[in-house]
Structures are given as structure tokens and as C-alpha cells.
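*Asks:* My questions all concern the structure below.
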Amino acid sequence: MYGMRMSEAFVPTLREVPAEAEIVSHQLALRAGLLRRSSAGVYTHLPLGYRTLKKIMQIIREELDAIGAQELMLPIVQPAELWRASGRWDAYGAEMFRLKDRHDREYCLGPTHEEIITALVGAEVDSYRQLPLSLYQIQNKYRDEIRPRFGVIRGREFIMKDAYSFDRDPEGLNETYERFFRAYQRIFARCGLTVHAVEADSGAIGGSHTHEFMVLAEVGEDRIVHCPQCGYAANVEKAVAVPTPWPVTASGGQAEAVATPGVRTIDELEAFLGVPANRMIKTLFYLADGEPVAALVRGDRELNEVKLATALGATRLEMAPPERIEELTGAPVGFSGPVGLSGVRIVADHEVVGALDAVAGANAADAHLIHLDWGRDFAADVACDLRTAVPGDTCPSCREAALEGASGIEVGQVFQLGTKYSEALGARFKDAEGKEQPIWMGCYGIGVTRTMAAIIEQHHDDDGIIWPVTVAPYQAIVVPIKATDADQMEAAKKVYEQLWTAGIDAVLDDRDERPGVKFKDADLIGFPVRITVGPKALAEGRVEVRWRDNRREERPLLSEVVGVVQAGLRERARF
RNA sequence: CGGAGUGUAGCGCAGCUUGGUAGCGCGCCACGUUCGGGACGUGGAGGUCCGGGGUUCAAAUCCCCGCACUCCGACCA
Numbered sequence: 014m015y016g017m018r019m020s021e022a023f024v025p026t027l028r029e030v031p032a033e034a035e036i037v038s039h040q041l042a043l044r045a046g047l048l049r050r051s052s053a054g055v056y057t058h059l060p061l062g063y064r065t066l067k068k069i070m071q072i073i074r075e076e077l078d079a080i081g082a083q084e085l086m087l088p089i090v091q092p093a094e095l096w097r098a099s100g101r102w103d104a105y106g107a108e109m110f111r112l113k114d115r116h117d118r119e120y121c122l123g124p125t126h127e128e129i130i131t132a133l134v135g136a137e138v139d140s141y142r143q144l145p146l147s148l149y150q151i152q153n154k155y156r157d158e159i160r161p162r163f164g165v166i167r168g169r170e171f172i173m174k175d176a177y178s179f180d181r182d183p184e185g186l187n188e189t190y191e192r193f194f195r196a197y198q199r200i201f202a203r204c205g206l207t208v209h210a211v212e213a214d215s216g217a218i219g220g221s222h223t224h225e226f227m228v229l230a231e232v233g234e235d236r237i238v239h240c241p242q243c244g245y246a247a248n249v250e251k252a253v254a255v256p257t258p259w260p261v262t263a264s265g266g267q268a269e270a271v272a273t274p275g276v277r278t279i280d281e282l283e284a285f286l287g288v289p290a291n292r293m294i295k296t297l298f299y300l301a302d303g304e305p306v307a308a309l310v311r312g313d314r315e316l317n318e319v320k321l322a323t324a325l326g327a328t329r330l331e332m333a334p335p336e337r338i339e340e341l342t343g344a345p346v347g348f349s350g351p352v353g354l355s356g357v358r359i360v361a362d363h364e365v366v367g368a369l370d371a372v373a374g375a376n377a378a379d380a381h382l383i384h385l386d387w388g389r390d391f392a393a394d395v396a397c398d399l400r401t402a403v404p405g406d407t408c409p410s411c412r413e414a415a416l417e418g419a420s421g422i423e424v425g426q427v428f429q430l431g432t433k434y435s436e437a438l439g440a441r442f443k444d445a446e447g448k449e450q451p452i453w454m455g456c457y458g459i460g461v462t463r464t465m466a467a468i469i470e471q472h473h474d475d476d477g478i479i480w481p482v483t484v485a486p487y488q489a490i491v492v493p494i495k496a497t498d499a500d501q502m503e504a505a506k507k508v509y510e511q512l513w514t515a516g517i518d519a520v521l522d523d524r525d526e527r528p529g530v531k532f533k534d535a536d537l538i539g540f541p542v543r544i545t546v547g548p549k550a551l552a553e554g555r556v557e558v559r560w561r562d563n564r565r566e567e568r569p570l571l572s573e574v575v576g577v578v579q580a581g582l583r584e585r586a587r588f
């Protein structure tokens with residue numbers, strides 16, 4: 014038996030922290046020899062890292078196969094015409110990697126695969142008898158991220174599992190969605206992750222009902238809010254923002270213009286006038302499908318573009334360029350307000366309805382208006398929920414407790430797409446009455462490479478990674494203290510072979526290094542268990558079994574090692 | 001895309017202000033002494049100083065133009 018020896022393994026560990034890595038999971042992935050960067054946001058997965066990825070993928074396969082999903086492999090290179098058909102060739106924008114072939118035909122590197130799979134299923138499925146159907150693949154995805162960061166957490170090339178479901182009707186879609194939801198909970202649990210499923214926004218992909226699976230982590234890029242009382246949890250982009258009452262209850266008298274030379278931002282205005290931001294009206298100009306719109310939110314609030322787009326029923330929403338703002342208001346950017354605006358639809362957040370003694374731009378250079386009252390001085394065409402929720406808001410679900418905030422890494426998302434893609438791409442079937450119907454679709458993603466990073470983020474200490482046994486590249490490492498000692502090496506090899514025979518992934522550290530070096534590497538890489546073969550214990554026919562997570566050590570007889578290791582691993586792999 | 005910064009040996013960095021032909025630590029190779037938590041000594045290998053142009057007798061160093069990478073921001077008026 015030969016197997017895996019550290020003396021020959023391609024595991025380039027690093028003693029020092031590479032300058033390129035900011036967050037702990039990225040640093041450890043580089044130091045432990047899992048990853049190397051090739052270019053911005055593009056990574057090579059070294060043998061050890063790839064083993065972990067394969068274990069994650071295997072868990073995903075087992076759980077998805079168990080709910081009847083079938084694996085297939087879709088193309089990375091996808092024709093533009095398909096994306097034009099769904100309207101996303103333009104909608105996806107700069108984030109899409111585009112290329113042309115020698116005949117000048119346009120393609121993209123798939124950022125996702127709804128178009129391809131819908132076209133496929135549309136072509137092959139004709140009858141309700143062929144539904145429901147769930148298909149998935151594990152594949153490289155390409156997104157030219159505006160700013161790749163955090164190593165593999167936001168890469169431009171990454172591995173994703175994406176699944177697509179096809180049902181006859183909304184009820185079927187609901188059932189499928191629930192099945193995937195539960196499968197996801199099992200997948201992440203088996204990966205050793207604590208995840209929170211939160212209500213999310215469906216964004217550019219379209220669709221209605223959707224949840225994100227979040228790994229809570231300081232470095233997470235997504236902000237979520239959750240209710241400690243009723244369990245409501247949502248991405249801040251999606252969370253319904255319960256309005257708080259306007260801070261003052263009396264009019265300030267007649268509206269009045271004040272000179273505010275060069276004061277353009279809310280912060281500057283707050284300092285200049287001594288009025289708190291929550292009494293200001295922030296006026297933002299957008300083009301909704303080309304039509305100008307003014308959106309009003311309280312000065313200290315953040316406008317949520319998705320909510321605005323939904324409120325307007327707009328498919329394309331972009332900020333108005335500064336020239337356009339000047340045209341509409343007659344004033345430079347920074348002095349816009351709702352008073353006297355014409356030719357623009359005005360949409361207000363609930364919170365500004367009923368505002369009294371408010372401050373806003375005067376639509377004239379270097380001037381603002383004070384003492385503004387809702388109804389008397391300005392109004393809106395529509396009032397709705399426009400702002401991004403924040404921690405401290407009243408829970409929109411139970412209306413009792415205050416929401417708490419957290420940040421998370423999104424490792425998975427489940428969507429109910431409905432018929433958006435099936436209609437755009439003509440994926441129809443004949444129902445039992447022979448009537449043509451669009452297929453009801455769902456899609457379900459898991460960021461595989463990101464999941465690996467999230468696991469490290471959740472499982473490490475000062476010495477290195479602490480792999481959950483289910484995803485550890487190897488479960489055990491056998492370390493003879495002195496590689497040149499024949500007795501130790503012989504005993505170590507025997508233990509190592511027994512572990513293999515018992516089906517345990519093991520590595521033999523046969524390097525002629527000082528013990529400290531080998532221990533440090535073992536801790537850094539994060540093998541769940543280390544079996545040390547040293548002179549002291551060996552004299553009594555024993556070895557040392559040391560667990561990485563709690564640093565506990567036992568000293569079984571040579572004949573008992575496999576049983577002890579097996580028992581410990583099994584205990585740690587339970588759910 | 002805007003702002004800031006960095007690019008010198010495999011990795012982490014100094015040298016640049018004040019121009020004179022490149023250095024430190026770790027790693028790597030050889031030998032010796034060591035050997036239970038990243039040993040020590042001796043000897044050694046390894047560099048288009050990101051690229052291109054310019055100034056100069058002379059450029060890692062000064063100037064110009066590119067490129068790459070990192071961080072911050074990109075609705076927050």
C-alpha cells in the first residue's frame with residue numbers, strides 16, 4: 014500500500030500570511046495550500062482544496078439525488094441569441110463575460126443557466142406526463158464582478174451547483190420548492206455549517222418567492238435583520254420597513270428659503286443648519302424605463318431600488334444622470350427637493366407622508382427650504398415602502414419586537430421563478446385536456462467554492478483550519494515523530510494502512526522534519542485527528558490520538574487505534 | 001468607473017527622499033550538529049528591481065506613458 018505521503022504531496026503551506034489576503038478564511042486557504050490566485054478573482058484549487066470541494070459536491074449530489082433531481086452538464090459557452098430571447102443579454106450588463114467567435118458570432122460565458130436549461134426542456138418536454146422534472150449541474154460560472162474580493166467568496170470564476178425544477182402548476186412548484194428547501198438544510202448541516210434561511214429579494218433573476226441561506230459571519234457582504242421574538246428573518250433589501258412616526262408633531266410655520274452655499278450632502282446640511290437628518294427629505298431622481306421619477310425618503314434613510322422598481326412596475330431602473338437632474342429641477346445636484354416639481358412622477362416613502370417642519374432642497378443653486386409641511390408645501394403621487402430596513406425597526410411580522418442586525422455570507426438561494434423564462438423561451442407542455450401551458454419553474458443555487466470559504470470562516474482557530482470531518486480533505490494524519498526511526502516508521506505505516514483499510518481518508522507524514530514543523534502543518538491544514546507515533550507511547554505499544562477541535566488526546570494500544578479513530582469520527586459526523 | 005496604495009529572489013519586506021550597478025528575514029540546495037510544537041552552524045543557488053519610453057557619464061531610485069494587483073467607494077444629493 015502506498016497511498017498519500019506528505020513527503021510527496023503537493024501541499025505548499027506558507028509560514029507567513031500572504032499580503033493579498035484580507036480575511037481569515039482566505040489567508041488560511043492560501044497558507045494551508047488549498048488555493049492559489051491566478052488573476053483577480055480567479056483561483057486554482059490545489060489538491061487539498063479540491064478534495065474538500067469534491068466532498069462538498071458529493072454531499073450536494075447525495076441530497077439532491079435523494080429528492081429525485083437528476084444531474085446533467087450544461088455548456089459554459091452560451092449563444093447570445095438565447096439571452097436576447099429572455100431579455101437578459103442587455104439586462105445583465107457589464108457583469109457578463111462576452112466573447113465572439115471567428116465568425117463574429119456573440120457568446121457569453123455562462124453567469125447562470127436558466128436560458129440554456131429552459132431552451133433544452135422546452136424542446137424536449139411536450140406533455141404533462143413528463144413533469145415534474147428537476148435537473149441540476151455542478152459547473153463553473155463566470156461573472157465579471159465589479160470588484161472581486163475576499164478570495165473565493167466573491168470570485169469571477171467559481172463553482173456553483175445550480176438546479177432547475179419544472180412543474181405543471183404553482184402547487185407543484187410549491188411542493189418542489191419545499192423539497193429543495195429541506196434538502197438545502199440537510200446539505201449545509203452536513204457541511205458543518207450553521208445557516209439561516211432568510212426571506213430575500215429576487216433581484217434581476219426575476220420571480221417571486223425566494224429564500225437565501227446565510228452563514229452568519231462578520232465578513233459577510235449581505236446584511237440581514239431578524240426578529241428575536243417571532244423568528245422573522247430577511248435580507249435588509251427585502252425586509253418590509255415598518256415606518257416610524259415623523260419626529261416632530263408641529264408645523265414650523267411658513268416655508269422659507271435659506272442660503273446654503275456649497276452644502277450638497279445630508280451630512281453637510283445637518284452640520285450647516287443644525288437640523289437632524291431625520292427631518293430632511295431626500296429627493297432622488299431615477300429613470301424608470303426611461304421615464305423620470307422623483308423618490309422621497311427621510312434624510313437618514315437609504316432608498317431601496319428594488320422596492321422602488323417594484324412600486325413603479327419598472328423593468329429597468331437607473332439613476333438619472335446629473336444633467337437630467339439639472340434639467341428637471343433647474344438646480345445642480347445637491348439642491349433637489351419635492352416642492353414645485355413638474356413633469357416628474359413623485360413617489361414617497363411612507364415615512365415622509367405627514368412630514369412637518371421638514372427641510373429639502375429648493376431646486377435652486379445654493380439654497381434649501383425649511384419649515385416644509387406635507388400637503389401644504391408638497392405631496393406625492395404615490396406613497397409606499399421605499400426604504401431599506403435597518404436594525405431597530407419594528408418587526409413587520411409580529412409588530413412587537415425590534416429587529417436585530419447581522420451580516421452573512423450567502424451560500425445558497427432558492428427561487429420560485431414561475432413562468433417568466435418558460436414564457437420568454439417558449440417552454441410549454443400540453444396538459445391533460447390537451448391545452449398548451451407554460452411550465453412552472455424554480456431554480457436553486459449553491460455557491461460551492463464560497464461554501465468552502467464559509468466553512469473555514471466558521472471553523473478555525475489561531476493555529477489554522479478545523480475541518481468538520483464530513484468535508485475535511487483527509488480525516489486523519491499519521492505523524493511519526495522521527496522519520497528516520499525504523500520502529501516508528503513501521504508502526505506509523507501500519508496504523509496508516511489500517512485506517513485506509515477501514516475506509517478512513519488518511520495521510521502519512523513521512524517527511525524527515527522536526528516534529529514541531531509537522532505538528533504546525535497538521536494544525537494549519539486542520540486534519541480532524543492526528544495520530545502521533547512517538548518513542549514514549551510506542552514503548553508501551555501505544556500511540557497518541559489527538560483531536561483537532563477540542564485538542565483532547567487519548568493513548569490507545571496499537572490494536573485499538575482504528576476503533577478509537579472511527580468512533581471519534583463517527584461522533585463528529587452525526588447530525 | 002472614481003479615490004488611495006502597492007509592484008524589488010518562492011513568501012514577507014528594506015533600499016527610492018539625497019542617482020553610483022541590490023539587500024534582510026523566512027523558504028530552497030549541500031554538509032555537519034540537532035530532533036515531542038515552525039532548530040543551529042558553515043557554504044551555496046536564486047533577481048528582465050512590473051513593462052515601455054525619456055533625462056543623465058550613470059536609473060530600482062528622477063520624469064512621462066502603459067500594465068497588474070490590493071484596499072475604500074460607487075443611490076446616500
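Residue numbering for the first sequence follows my numbering, beginning at 14 and increasing consecutively.
Just so it is clear, CB atoms sit at the ideal spot from N, CA and C, and this is done for glycine as well.
Note that the coordinates shown come from a computational prediction; the quantities given were computed from them, not determined experimentally.
Check the DSSP bridge columns for His58 and list the partner residues they point to.
*Replies:* According to DSSP, which records beta bridges pairwise, His58 is partnered with Leu48.
*Asks:* Mind pulling the beta strand (DSSP E) runs of 3 or more residues that sit fully within the segment 150-229?
*Replies:* As far as the segment 150-229 is concerned, its whole beta strand (DSSP E) runs of at least 3 residues are 170-180, 208-212, 223-229.
*Asks:* Does the distance from the CB of Ile151 to the CB of Thr462 come in under 7 Å?
*Replies:* Going by C-beta atoms, Ile151 is not nearer than 7 Å to Thr462.
*Asks:* I need the DSSP call for Gln429, collapsed to helix, strand or coil.
*Replies:* The answer is strand: DSSP assigns Gln429 an E or B state.
*Asks:* Are the Cβ atoms of Gln488 and Asp518 separated by less than 7 Å?
*Replies:* Their beta carbons are under 7 Å apart, which means Gln488 touches Asp518 by this criterion.
*Asks:* Run the CB neighbour count on Pro493, radius 10 Å, all protein chains shown included, and call it buried at 16 or more, exposed below.
*Replies:* Burial call: buried.
*Asks:* Counting only the same chain and skipping the five closest in sequence on each side, list residues whose C-beta sits under 6 Å from that of Phe193.
*Replies:* Closer than 6 Å at the Cβ level, and outside the excluded window around Phe193, lie Val427, Tyr457.
*Asks:* Return the first residue and the last residue of the alpha helix (DSSP H) that Leu416 is part of.
*Replies:* Note, Leu416: premise wrong, no alpha helix (DSSP H); not H, not E.
*Asks:* Jot down the residue ranges of each uninterrupted alpha helix (DSSP H) in the segment 522-554, minimum 4 residues, whole runs only, in chain order.
*Replies:* Runs found: 528-538, 548-551.
*Asks:* Three-state secondary structure (DSSP) at Ala82?
*Replies:* Reduced to three states, the DSSP call for Ala82 is coil.
*Asks:* Ignore the nearest five residues each way along the sequence and tell me which others in Ala79's own chain have a CB closer than 8 Å to its CB.
*Replies:* The answer, listed in chain order, is Ala196.
*Asks:* Applying the 10 Å Cβ sphere with the 16-neighbour rule, what's the burial state of Gln429?
*Replies:* Classification of Gln429: buried, given that the 10 Å Cβ count is 16 or more.
*Asks:* Out of Glu212, Arg101, Ala504, point me to the one whose CA is closest to Leu551's CA.
*Replies:* Nearest of Glu212, Arg101, Ala504 to Leu551, Cα basis: Ala504.
*Asks:* Looking only at its chain, what residues have a beta carbon closer than 7 Å to the beta carbon of Thr189, apart from the 5 residues adjacent to it on each side?
*Replies:* Within the same chain, Thr189 has close Cβ partners Pro145, Ser147, Ser178, Asp180, Gly455.
*Asks:* Are there 16 or more other CB atoms within 10 angstroms of the CB of Gly219, so buried, or fewer, so exposed?
*Replies:* Note that Gly219 scores 48 on pLDDT, short of 50, meaning its location in the model is unreliable; the coordinates nonetheless yield the value given after this. Buried, because 16 or more other Cβ atoms sit within 10 Å of the Cβ of Gly219.
*Asks:* Going by Cα to Cα distance, which pick from Ala42, Arg18, Asp386, Tyr15 is closest to Ile538?
*Replies:* Ranking the options by Cα distance to Ile538, first place goes to Ala42.
*Asks:* Which runs of the alpha helix (DSSP H) spanning at least 4 residues fall entirely within the segment 440-472, listed in chain order?
*Replies:* Within the segment 440-472, the complete alpha helix (DSSP H) runs of at least 4 residues are 461-471.
*Asks:* Rounded to a whole number of angstroms, what is the C-alpha to C-alpha distance between Ala437 and Thr323?
*Replies:* Answer to the nearest angstrom: the Cα atoms are 20 Å apart.
*Asks:* Just checking my contact of Ala272 with Ala380 at CB under 8 Å: how many whole Å lie between their CB atoms?
*Replies:* Right, the Cβ-Cβ distance comes to about 6 Å (below 8 Å), so this counts as a contact.
*Asks:* How many angstroms separate the CA atom of Asp476 from the CA atom of His39?
*Replies:* Cα-Cα distance, rounded: 14 Å.
*Asks:* Hey, how far is the Cα of Val4 from the Cα of Ala290?
*Replies:* Only positions 14 to 588 of the chain appear in the structure, and residue 4 is not among them; the question remains open.
*Asks:* Compute the distance between the beta-carbons of Glu225 and Val208, then report whether it is under 7 Å.
*Replies:* Their beta carbons are not under 7 Å apart, which means Glu225 does not touch Val208 by this criterion.
*Asks:* How long is the line joining the alpha carbons of Pro451 and Tyr120, rounded to whole angstroms?
*Replies:* Each residue's Cα considered, the two are about 27 Å apart.
*Asks:* Which of the three DSSP states, helix, strand or coil, is assigned to Phe391?
*Replies:* Residue state, collapsed to three classes: strand.
*Asks:* At 4 residues or longer, what runs of the alpha helix (DSSP H) sit wholly inside the segment 312-355?
*Replies:* Correct list: 318-325, 335-342.
*Asks:* Assess contact between the segment 347-364 and the segment 389-397, defined as three or more Cβ pairs (one per stretch) separated by less than 8 Å. Is contact present?
*Replies:* Yes, the segment 347-364 touches the segment 389-397.
*Asks:* According to DSSP, is Ile130 helix, strand or coil?
*Replies:* In this structure, Ile130 counts as helix in the three-state DSSP scheme.
*Asks:* Cβ of Ser420 within 7 Å of Cβ of Arg236?
*Replies:* A contact, by the Cβ cut-off of 7 Å.
*Asks:* To which residues of the same chain is Asp302 closer than 7 Å at the C-beta, ignoring the five residues directly before and after it?
*Replies:* Result list for Asp302: Ala327, Thr328, Arg329, in chain order.
*Asks:* If contact is defined by three or more beta carbon pairs under 8 Å, each pair taking one atom from either stretch, is the segment 153-160 in contact with the segment 122-136?
*Replies:* With the cut-off at 8 Å, the segment 122-136 and the segment 153-160 touch.
*Asks:* Pro274: which of Asp498, Ala268, Gly266, Phe285 sits nearest, CA to CA?
*Replies:* Residue Phe285 is the option with its Cα nearest to Pro274.
*Asks:* May I ask you to verify whether the segment 366-376 touches the segment 292-310, counting CB pairs closer than 8 Å and requiring at least 3?
*Replies:* Output reads yes: the segment 292-310 touches the segment 366-376.
*Asks:* Count the other C-beta atoms from every protein chain shown that fall within 10 angstroms of the C-beta of Thr497, then say buried if there are 16 or more, exposed otherwise.
*Replies:* By the neighbour-count rule (16 or more Cβ atoms within 10 Å), Thr497 is not buried but exposed.
*Asks:* Within its chain, find whatever has a CB closer than 8 Å to the CB of Gly576; leave out the 5 residues flanking it on each side and keep chain order.
*Replies:* If we look at Gly576 and ignore the five residues flanking it on each side, its Cβ neighbours are Pro569.
*Asks:* Taking DSSP as the reference, what is the three-state secondary structure of Met70?
*Replies:* Helix at Met70.
*Asks:* Short of 6 Å in beta carbon distance, which residues of its chain neighbour Asp523, apart from the five on each side in sequence? Order them along the chain.
*Replies:* Counting only Cβ-Cβ distances below 6 Å, and skipping sequence neighbours, we find Arg18, Ser20, Ala496.
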